Amino acid sequence: MNAVVVTAGAGVADLKVHVINCSGMSVPSTMNQTPQGFQVTYIPSEPGNYSIHVTYGGFDVPGYIAFRYCFRFAELLKTNPTLM
């Protein structure tokens, strides 16, 4: 899954992104720089809600706690085969 953090025009600072799964465990992620900022990529470790916490220059980014729901596609197909 991907999340985009726009840092263009914000100046130079240390960016940290923490992805937390529904069990409260940190999920490894990678960041790739783009012209607008960074693209953060992570692989969900289990179905459920994930939160993405961002700090820039050591400060929490106000309003940037994103929540994503991840599911196992194979399980979804069992209940809704029309998705194929």
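Residue 518 in my numbering sits at position 33 of the sequence shown, and the numbers go up by one each step.
By construction, the Cβ of each residue, glycine as well, lies at the ideal position given by its N, Cα and C atoms.
Computed from a predicted model, the values in this text were never measured in an experiment.
Is DSSP giving residue i helix, strand or coil here?
i	result
residue 514	strand
residue 492	coil
residue 545	strand
residue 528	coil
residue 500	strand
Rounding to the nearest angstrom, what Cα-Cα distance links residue i and residue j in this structure?
i	j	result
residue 496	residue 504	24 Å
residue 500	residue 513	15 Å
residue 543	residue 502	11 Å
residue 545	residue 537	11 Å
residue 490	residue 527	14 Å
What residues match up with residue i in a beta bridge as DSSP calls it?
i	result
residue 519	Answer by DSSP bridge pairing: none, since residue 519 is not bridged.
residue 508	Partner(s): none; residue 508 has no beta bridge.
Looking at residue i: is its Cβ nearer than 7 Å to the Cβ of residue j?
i	j	result
residue 498	residue 521	no
residue 534	residue 507	yes
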